[in-house]
Amino acid sequence: MRLSVSFSGFGGLADTLPAVEAAERHGLDGVWTAEHLGLVGLSTASRHPGLTAMELMSMSELAPGRIRVQVGLGDDSLVAKLGRSISKPIASTTAFVNSLREAMQGRDMKVSYPEFVFDGFRLAPLGPVPAIDVMAIRPKMVQVAARVGDGLSISIGASAQYLRDVVADVERELADAGRDRSSFRITALAMTAIGPDLDVLRAPIGPMLSTFPQASAAFLARGVVDGDELVRVEREEGPFGVMKMWTPDKVDQIAFIATPDMLADRMAEYADTGIDELALMMINPPDQQPAIIEALAAARPA
4 MRLSVSFSGF GGLADTLPAV EAAERHGLDG VWTAEHLGLV GLSTASRHPG LTAMELMSMS
64 ELAPGRIRVQ VGLGDDSLVA KLGRSISKPI ASTTAFVNSL REAMQGRDMK VSYPEFVFDG
124 FRLAPLGPVP AIDVMAIRPK MVQVAARVGD GLSISIGASA QYLRDVVADV ERELADAGRD
184 RSSFRITALA MTAIGPDLDV LRAPIGPMLS TFPQASAAFL ARGVVDGDEL VRVEREEGPF
244 GVMKMWTPDK VDQIAFIATP DMLADRMAEY ADTGIDELAL MMINPPDQQP AIIEALAAAR
304 PA
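So the sequence shown is numbered by this note's numbering: it starts at 4 and just counts up by one.
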């Protein structure tokens with residue numbers, strides 16, 4: 004299983020650099036960063052695939068073979084702040100992924116969709132075309148990922164049962180489409196806290212989870228929470244009620260919470276689900292992250 008680190012984009016880029024350098028130094032497999040550079044969490048509703056293609060191919064020229072992108076619907080509320088909305092998610096995501104790939108390949112683009120138009124656009128690629136992963140939670144979007152993506156990116160908050168089920172779903176879709184499983188990457192993002200005191204590590208997770216749409220959170224936490232009850236509490240009691248639902252035992256099942264001596268076992272648990280890559284989104288302070296990355300690298304199987 005590949006191991007990488009991921010950054011949400013809500014903090015400054017400068018604070019992430021020590022962890023990025025540590026990931027490179029200790030042999031981790033990748034670094035994901037959010038909308039600052041358009042590499043993860045890129046919303047199809049707020050970006051034209053032509054602009055995205057230019058950005059990605061510029062980065063590919065600078066770092067050949069080291070660029071990969073994750074695209075998806077994004078957060079409705081954040082997309083709305085840009086004056087956009089998400090409609091026909093399956094069709095729009097499919098069109099975006101196909102058009103982005105074709106644009107990066109340097110094809111003469113003359114196509115029209117409700118969300119965007121190409122009228123004679125053509126790039127001159129100077130680097131390898133980056134792989135495109137589709138971010139998905141629910142079955143129909145997972146099917147889109149298996150049909151048109153080079154991989155699938157699974158959001159934070161997924162339980163082991165959810166991950167196993169989705170891996171099986173993807174493998175079935177790939178087989179039906181005659182696609183090679185070995186060339187398709189399934190990446191799971193995991194909210195991560197590592198340190199000596201498990202209670203301290205768990206404490207902020209519940210409040211963070213309470214800010215998410217609970218229908219999606221419950222879907223990801225398959226086998227961990229009562230989805231109907233979680234949605235009811237969100238509707239009737241709001242975030243404070245939701246926080247009480249995310250008890251420590253539930254947090255442990257949908258996040259990477261570990262003391263240093265638990266790291267190998269926790270990584271093995273994720274590997275056993277069948278995913279290809281685990282991307283850890285650490286909530287530890289930036290000054291702690293380089294040492295944590297060193298410990299993670301040391302705990303990986305030889």
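Cβ coordinates follow ideal geometry from the N, Cα and C atoms, glycine included.
Small disclaimer: the values here were computed from a predicted structure and weren't measured.
Query, Result
"Is Ala-178 helix, strand or coil when you go by DSSP?", "helix"
"Tell me the DSSP bridge mates of Trp-35?", "Ser-9"
"What whole-angstrom Cβ distance do Val-8 and Ala-26 have, given they're in contact under 8 Å?", "5 Å"
"Quick one, are the C-beta atoms of Ala-220 and Ile-286 less than 7 Å apart?", "no"
"What's the gap between the Cα of Glu-272 and the Cα of Pro-210?", "25 Å"
"From Ala-301, Ala-294, Gly-33, Pro-288, pick the residue whose C-alpha is nearest to that of Gly-15; which is it?", "Pro-288"
"Return the bridge partner residues of Phe-124 from the DSSP annotation.", "Met-112"
"Would you mind stating whether Leu-281 and Met-62 have Cβ atoms separated by less than 7 Å?", "no"
"Based on DSSP bridge pairs, tell me the residues matched to Arg-71.", "Ala-134"
"DSSP state of Thr-97, grouped into three classes?", "helix"
"Buried or exposed for Arg-205, please, with buried defined as at least 16 other CB atoms from any protein chain shown within 10 angstroms of its CB.", "buried"
"Between the beta-carbon of Gln-73 and the beta-carbon of Asp-136, is there less than 7 Å?", "yes"
"Among the residues of its own chain, which have a CB less than 6 Å from the CB of Ala-3, if the five just before and after it don't count?", "Because the chain spans 4 through 305 in this model, residue 3 falls outside it and cannot be assessed."
"Based on DSSP bridge pairs, tell me the residues matched to Ile-260.", "Ala-196"
"Closest by CA to Asp-279, which one among Arg-104, Phe-119, Val-120, Ala-191?", "Ala-191"
"Taking the straight line between their C-alpha atoms, what separation do you get for Leu-40 and Phe-10?", "For Leu-40, the predicted structure reports a pLDDT of 45, less than 50, and the residue's modelled location is therefore unreliable. The matter cannot be settled from this model."
"If Val-254 sits next to Ile-208, beta carbons under 8 Å apart, how far is it from one beta carbon to the other, in whole angstroms?", "5 Å"
"Identify whether Leu-129 lies in helix, strand or coil by the three-state DSSP scheme.", "coil"
"Who does Met-285 pair with in a DSSP beta bridge?", "Thr-195"
"Looking only at its own chain, which residues have a Cβ that is under 6 Å from the Cβ of Gly-198, when we skip the five neighbours before and after it?", "Leu-204"
"Is it right to say Ala-258 is buried, meaning 16 or more other beta carbons lie within 10 angstroms of its own, or is it exposed?", "buried"
"In three-state DSSP terms, what is Leu-40?", "Residue placement at Leu-40 is poorly supported in this model, since its pLDDT is 45, which falls under 50; the coordinates are not used for a value here."
"What does the Cβ neighbour count give for Pro-67, buried or exposed, with the cut at 16 atoms within 10 Å?", "exposed"
"So what's Ser-102 in DSSP terms, helix, strand or just coil?", "helix"
"Would Ala-22 pass as a contact of Leu-126 if the rule is Cβ separation under 7 Å?", "no"
"Taking the beta carbon of Leu-42 as the centre, do at least 16 other beta carbons fall within 10 Å, making it buried, or is it exposed?", "Below a pLDDT of 50, predicted positions are generally treated as unreliable, and Leu-42, at 44, falls in that range; the measurement from the model is reported next regardless. Counting Cβ neighbours within 10 Å, Leu-42 comes out buried, since at least 16 surround it."
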